[in-house]
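The structure under discussion appears below in the form of structure tokens.
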Amino acid sequence: MHDLARRLWSIPRSITGNGVRQTLRELQNLCPNLTIHEVPSGTEVLDWRVPDEWNLRRATLTDPDGCVVADTDINNLHVVGYSEPVHRLVSLEELQNHLHSIPEQPDAIPYVTSYYERRWGFCLAHRDRESLKPGTYEVKIDTRLTAGSLSYGEIIIPGDHPDEVFISTYVCHPSMANNELSGPVVAAEIARWLTARSKRRFTYRIVFIPETIGSITYLARHLSQLKERVRAGFNVTCVGDERAFSYLPSRNGSTLADTVARHVLEHASTAYTAYTWLDRGSDERQYCAPGIDLPVVSMMRSKYWEYPEYHTSLDDLDSVVTPVGLAGGFALHRLAVEILERNSVPTTRVLGEPQLGRRGLYSTLGAGRVSASPVLLLDVLSFCDGKYSTLEIARIVGRSFFEVADAVDLLASHDLVDVIPTFA
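Using the numbering used here, the first residue of the sequence shown is number 48, and each one after it goes up by one.
Rendered as structure tokens:
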């Protein structure tokens, strides 16, 4: 995953354009079942409209001495995203109105965009901005803003049942690691892992979209099917550092996806930060909007907005996102999928408490303490009345889902319970 992120790093992505297509083609090389779709500029999508397509060739800013002080060939964050094409000479005083920097982070190049209003600008480290000398600067922003299309990728992995698990990530930010590249590379690895499984209970829908306008566009095209079929969903973003785990709930807060996410994180090896719906900021805003109400949550490492390198050039693949961090982000989502795949409603086949001893499941020597395994079996059996799922029983008895699922499988192997898969 980290190697894939490095290959994607320098591609100049935005919400439309060839950078998105190039990124999707790279992902398609890894996941041949990914299909690429185009939605024409001007298409009405819910309350929005697909904007004109933006493509960056190169943007440079040259000082009075002929030194290039900003160059997108060196760092594609140097230009304001969606800048209109410009080639002109300007004074430093005029130029300052088009420059962006962060005084509190003097070595960071900020990430700035202007998708829906025409303007141009450059982003600099504040230390470099302060060193600019008076005089005339040459501004060259070689971009194209024309009617084109919005691109997104989609993978459908069929299962035994048409009910779906929805996984969404975004491919619209340029060179930032945790906020951008961790999401698509983890989602691609989830897709590879799911495709390789010999059996799947659910159907999986995995999309690689531009943030906000992409999710709105996807909802406009697929809303009825999503509302009918999706039982749990995950917005995959900020899953690549080693600092923390985070959880952002759905607007409902009590969907199956919420329950699964909380369980996975509560049984992770480290503590996690639970945010509220009021802390939202990514595509969950669209998926959980009133009238949409999909069961979509986010399980993250360091949450967007909450780590110091967010939306700057400091969010890199060396000091922020690591192979270990990506592996942890992948593991969270793999465990969530495994819970969904194994969740069931166990129902006892025996009236009263069964005799475990004659089945080799309980010591027949009634002396002292019994082992934890028989206690767990009896605890699980006490809730096998057809009203509780395996996941709900795990919460009640205070054990991990996988311990309880293994206990249910053991009981089923001795014909003590019937196991009915659940999709709710």
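Glycine included, each C-beta is placed from N, C-alpha and C at the ideal position.
- Per DSSP, reduced to three states, the secondary structure at S460 is helical.
- Here the C-alpha atom of R191 lies approximately 57 Å from the C-alpha atom of R446.
- Using a Cβ distance threshold of 8 Å, R276 and P337 do not count as a contacting pair.
- Pairing F249 with Q272, the inter-Cα distance amounts to about 15 Å.
- DSSP, read as helix, strand or coil, puts D94 in coil.
- A Cβ-Cβ distance of about 10 Å is found for the pair T119 and K187, leaving them out of contact under the 8 Å criterion.
- From the listed residues G168, P153, D94 and A235, the smallest Cα separation to A117 is found for G168.
- Rounded to whole angstroms, S148 and V137 show a C-alpha spacing of 19 Å.
- By the Cβ neighbour-count rule, T82 is exposed, with fewer than 16 other Cβ atoms within 10 Å of its own.
- If you look at V67, you'll find it in the alpha helix (DSSP H) that goes N65 to L77.
- Under DSSP, M347 shares a beta bridge with S293.
- Under the three-state reduction of DSSP output, H147 falls in the strand class.
- By the beta-carbon neighbour count (other beta carbons within 10 angstroms, threshold 16), L241 is buried.
- Of the residues assessed, R68 falls on the buried side of the cut-off, its CB having 16 or more other CB atoms within 10 angstroms.
- Within the DSSP bridge table, the entry for E177 names no partner.
- Counting the other Cβ atoms within 10 Å of the Cβ of N144 gives fewer than 16, which makes it exposed.
- Counting only residues of its own chain and dropping the five nearest sequence neighbours on each side, D189 has a CB closer than 7 Å to the CB of R104, R105, A106 and P132.
- Between S229 and C285 the beta-carbon gap is near 6 Å, inside 8 Å, which marks them as a contact.
- Shown here, Y319 sits in a strand according to DSSP, grouped into three states.
- If you ignore the 5 residues before and after L364, its C-beta comes within less than 8 Å of the C-beta of H49, A52, R53, W56, A224 and L228, all in its own chain and listed in chain order.
- When DSSP states are grouped into helix, strand and coil, R248 belongs to the coil group.
- Judged by DSSP secondary structure, D112 falls outside any beta strand (DSSP E); it is assigned neither H nor E.
- Within the segment 203 to 274, the runs of beta strand (DSSP E) at least 3 residues long that lie entirely inside it are, in chain order, 211 to 217 and 250 to 256.
- Here W101 is bridged, per DSSP, to L192.
- The beta-bridge partner set that DSSP reports for H84 consists of Y199.
- Judged by DSSP in its simplified three-state form, Y184 adopts strand.
- In this structure, the beta-carbon distance from Y199 to F255 falls below 8 Å.
- Three or more Cβ pairs closer than 8 Å define a contact, and the segment 295 to 302 falls short of that threshold against the segment 419 to 435.
- With distances taken between CA atoms, I339 lies nearest to S262 out of L171, I386 and S262.
- In the three-state scheme derived from DSSP, where H, G and I count as helix and E and B as strand, G300 is classed as coil.
- Shown here for L382: same chain residues with a beta carbon closer than 8 Å to its own, the five before and five after excluded, namely V311 in chain order.
- Each residue's CA atom was taken as its position, placing C78 and A238 some 7 Å apart.
- It is roughly 10 Å from the alpha-carbon of G66 to the alpha-carbon of H220.
- The three-state secondary structure of S447, taken from DSSP, is coil.
- Per DSSP, V283 lies in no alpha helix (DSSP H) and is assigned neither H nor E.
- Contact check for Y217 and E258: beta-carbon distance about 4 Å, within the 8 Å limit, so the pair qualifies.
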